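Everything below concerns the one structure shown next.
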Amino acid sequence: MRDTLTVLRKIYLFYPVQNTTVILLRMFGFAGLGVLSGVFIKRYFDEASGQALTLNGLLFLTAMLMTVPLVQAITYYIDLGLSYGRTEIVRAIFRRNILREIFKRPGALPLPVDQGQMMNIMRSDVTVHEGLYWDLTYLSAFAVFSIGGLVMLGSVDWPVTVILFAPLPAIIMIVKWLEKQITAYYRAERMTTDRVLGVISDIFNYSQALKINKAERPFLNRLAGLGEERARAGRRNAVFTTALASIYDNIVNIGIALLLLLLSDKLRNGSFSIGSFTLFVFFLGYISNFTRLFGKVLTNFKSSALSLNRIEGVIGERYLVKLTQNDSLFLASDPPNPPDEPDESCGPLLGNLHIDGLSYTFPNSKQGIRNISFSIRQGSFTVITGKMGSGKTTLLRVMLGLLPKASGEIKWNGRLVPNAADFFVPPNVAYTPQVPYLFSDTIKANILLGYPDESQITAAIHQSVLEEDLNRFEMGADTLLGTKGVNLSGGQLQRTAAARMLVRDAQLLVMDDVSSALDVDTEKRLWERLNELRSSKGVTLLVVTQKEYALKYADQVIVLENGEMKSVS
């Protein structure tokens, strides 16, 4: 519960002035004026039943009973204007902060949870807390109203007032007693939803593999089965939640019935006035709603705690601080441009790059790289080669900070690189991975990817041997790739990713098997043009490949075997 309270406090601090105003409006506009209505109603019926109501008194009470609801309506309108839209803003802040922490992770590390759970966290778990927050603001208003009612009703008849508030401790005991069931049903619904979303994600990600292997029907059957499991879990949770709410209602209704029986007896013997009876009836509905809302809030605290545990599984330690960071979403203005230059503490111009004792082991495995050391000088062409599984891609990823190194040092011009992930970015380093990731946008947009300088795009398209392909497209560089580049061949995808690397005019170009899907002629021209770029501009190349054309231009060849360096020549 402490973590949930921390998040609720942070939500309040997102917009403290507006939130304070809303709380005060609900406490004094809704609750305070409501208590005042009860006072006027009691006075009206007391005077009317005692035949002491004068014309002036009638006009005054009528005016007050009309004015109070009108003022309440005005406060509600102001409340709506201040609170409307805050719900989605809070959700957007949480989603942005979770994504920010994911982007801070080494790029090649998988998510700590599966895709289905990740999607469900972003879709549902981030919505629980702000809903609880607004329920608490209403609960505070009902609490003020109920406290006012407690004082007023207690001054009339304490025993009857005690019966009116008796359901409250009963509901607290029920929630405490059913705490495990509340958590279990909520968790089951979340987990089954995770699995459904995971399968849907797999279907979209691997649709071609499903078609090739004729696995559409088994996958759809699996999806249907998981959907039925989710429906059952959802029904169980809904039935349990509804039953719990029904229990709250019945406890309240039993209390009301006992109260009315007691009041009717007091009315008959004359110990209770019509005005007092009306006052109790007036407060009945509000105090009953307070009791029901109190039970709902207690239940939602359990759900919120479970959702926070799931979010913690994604963003790790200090997750409350990370989740509730409140910097601008730039809803009313454009975000500032990112800095043009990376950290250049090691010097902007590459003279030499030295790798010393670099090691990394995959979790729960003995696979990885061990004690890799080599040097690269400016303007050189270095090839890393070896059998499949020898650690070539892993070496590049660890060197670039995409995987966290277990040991070793990386030095740029003799100075230690403290954070490879922050340093090895353009214009220091540009990288093309083994499997390129492109967006469902135009080829030009994928090459630039927000890069403001378009002057290099023609040269980058030429150097990546992509110009002939673009000439065949009706829209040229404005051709849409489609989802995951479905409109391009594997070789065109690789060269588009290479052009994206080349347009950034970096000093060190790192490529991982960039020509694996190319035909012989295109591959030959690609390596020729990359070597020409090296010769003309002094660009340094570090390449993972087993292709003969690349090896022909290499100044240095590093051979890996089982994660270790076998030779350097």
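So for the sequence shown, the UniProt record's numbering puts the first residue at 1; every next one is plus one.
Positions of the beta carbon are idealized from the N, C-alpha and C atoms, including for glycine.
As the structure is a prediction and not an experimental result, all values here were calculated from the model.
If I follow the unbroken alpha helix (DSSP H) through residue i, where does it start and stop?
| i | result |
| --- | --- |
| Gln117 | Gln115 to Arg123 |
| Asp265 | Glu216 to Arg268 |
| Val17 | Pro16 to Leu24 |
| Thr193 | Glu179 to Asn205 |
| Met64 | Leu55 to Ser83 |
| Arg377 | Arg377 -> not in any alpha helix (DSSP H); beta strand (DSSP E) instead, spanning Gly368 to Arg377. |
| Phe381 | Element bounds for Phe381: not the alpha helix (DSSP H) but the beta strand (DSSP E), Phe381 to Gly386. |
| Glu528 | Val520 to Lys537 |
| Met565 | Element bounds for Met565: not the alpha helix (DSSP H) but the beta strand (DSSP E), Glu564 to Val568. |
| Gln494 | Gly490 to Leu502 |
| Met152 | Val128 to Val156 |
| Phe283 | Ile274 to Ile315 |
| Asp422 | Ala420 to Phe423 |
| Met399 | Lys392 to Met399 |
Quick one: what's got a C-beta closer than 8 Å to residue i's C-beta in the same chain, skipping five residues either side?
| i | result |
| --- | --- |
| His129 | Thr4, Val7, Leu8, Ile11, Val90, Phe94, Ser304, Ser307 and Leu308 |
| Glu561 | Gly386, Lys387 and Ser390 |
| Trp134 | Ser83 and Thr87 |
| Ile457 | Lys444, Ile447, Leu448, Ala477, Ala499 and Val503 |
| Cys566 | One detail in the question is off: residue 566 reads as Lys in this sequence, not Cys. Answer for Lys566: Gly386, Val559 and Leu560, listed in chain order. |
| Asp441 | Leu480 and Leu481 |
| Val22 | Asp79, Leu82, Ser83 and Thr137 |
Under 9 Å between the Cβ atoms of residue i and residue j?
| i | j | result |
| --- | --- | --- |
| Leu263 | Val126 | no |
| Thr540 | Leu508 | yes |
| Val68 | Leu99 | no |
| Glu216 | Arg195 | no |
| Lys302 | Glu179 | yes |
| Ala111 | Met118 | Looking at the sequence provided, one finds Leu at residue 111 rather than Ala. Cβ atoms of Leu111 and Met118: closer than 9 Å. |
| Gly379 | Gly107 | no |
| Leu182 | Phe142 | The sequence shown places Ile at residue 182, rather than the Leu named in the question. Cβ distance not < 9 Å, so Ile182 and Phe142 don't count as in contact. |
| Asp469 | Arg495 | yes |
| residue 578 | Ile311 | Here the chain comprises residues numbered 1 to 569, so residue 578 is not present and cannot be evaluated. |
| Gly116 | Tyr76 | no |
| Gln434 | Arg529 | no |
| Asp513 | Val544 | yes |
| Ile172 | Leu298 | yes |
Hey, could you find the ends of the beta strand (DSSP E) residue i is sitting in?
| i | result |
| --- | --- |
| Asp512 | Leu508 to Asp512 |
| Ala550 | It is not in any beta strand (DSSP E) - Ala550 instead sits in the alpha helix (DSSP H) that spans Glu548 to Tyr553. |
| Ala430 | Val429 to Thr432 |
| Gly482 | No beta strand (DSSP E) contains Gly482, which DSSP labels as neither H nor E. |
| Val544 | Thr540 to Val544 |
| Gln556 | Gln556 to Glu561 |
| Asn352 | Asn352 to Thr361 |
| residue 575 | The structure shown does not extend to residue 575, since the chain is modelled only from 1 through 569, so no value can be given for it. |
Would you kindly work out how many angstroms separate the C-alpha atoms of residue i and residue j, rounded to a whole number?
| i | j | result |
| --- | --- | --- |
| Phe473 | Glu467 | 10 Å |
| Ala499 | Pro335 | 27 Å |
| Phe439 | Asp555 | 35 Å |
| Ile558 | Met475 | 42 Å |
| Met1 | Asp327 | 25 Å |
| Pro452 | Ala445 | 11 Å |
| Ala184 | Thr192 | 12 Å |
| residue 581 | Thr291 | The first residue shown for the chain is 1 and the last is 569, placing residue 581 beyond what the model contains. |
| Leu226 | Ile315 | 27 Å |
| Asn300 | Pro218 | 38 Å |
| Ala245 | Ser140 | 20 Å |
| Glu344 | Arg370 | Caution is warranted here: a pLDDT of 49 is assigned to Glu344, below 50, making its placement in the model unreliable, and the coordinate value is therefore given only provisionally. One C-alpha to the other measures close to 28 Å. |
| Tyr360 | Ala550 | 27 Å |
| Cys346 | Asn352 | Below a pLDDT of 50, predicted positions are generally treated as unreliable, and Cys346, at 46, falls in that range; the measurement from the model is reported next regardless. Near 11 Å, if we compare the C-alpha coordinates of Asn352 and Cys346. |
| Met122 | Ala332 | 23 Å |
| Phe282 | Ile174 | 27 Å |
| Ala517 | Leu396 | 20 Å |
| Thr20 | Leu33 | 18 Å |
| Asn428 | Ile376 | 14 Å |
Might you give, ordered along the chain, the residues of its own chain that have their beta carbon closer than 6 Å to the beta carbon of residue i, omitting 5 neighbours on each side?
| i | result |
| --- | --- |
| Met46 | What sits at residue 46 in the sequence shown is Asp, not Met. Taken in chain order, the residues that qualify are Ser273 and Gly275. |
| Tyr286 | Phe145 |
| Phe40 | Leu61, Met64 and Leu65 |
| Ala497 | Thr432 and Pro436 |
Sorted by chain position, which residues of the same chain lie with C-beta nearer than 7 Å to residue i's C-beta, five sequence neighbours on each side aside?
| i | result |
| --- | --- |
| Ala460 | Ile447, Ala499, Leu502 and Val503 |
| Ala243 | none |
| Thr278 | Ile41, Lys42 and Phe45 |
| Gly57 | Glu47 |
| Phe424 | Leu400 and Gly401 |
| Val113 | Gly313 and Val314 |
| Val465 | Arg495, Thr522, Arg525, Leu526 and Arg529 |
| Asp505 | Pro427 and Gln456 |
Using a Cβ-Cβ distance under 9 Å, would residue i count as near chain B?
| i | result |
| --- | --- |
| Leu518 | The chain inventory of the structure shown lacks chain B, comprising one protein chain alone. |
Does the Cβ of residue i lie closer than 8 Å to at least one heavy atom of the ligand FMN?
| i | result |
| --- | --- |
| Asn289 | In terms of ligand content, the structure shown is empty, and the ligand FMN therefore cannot be addressed. |
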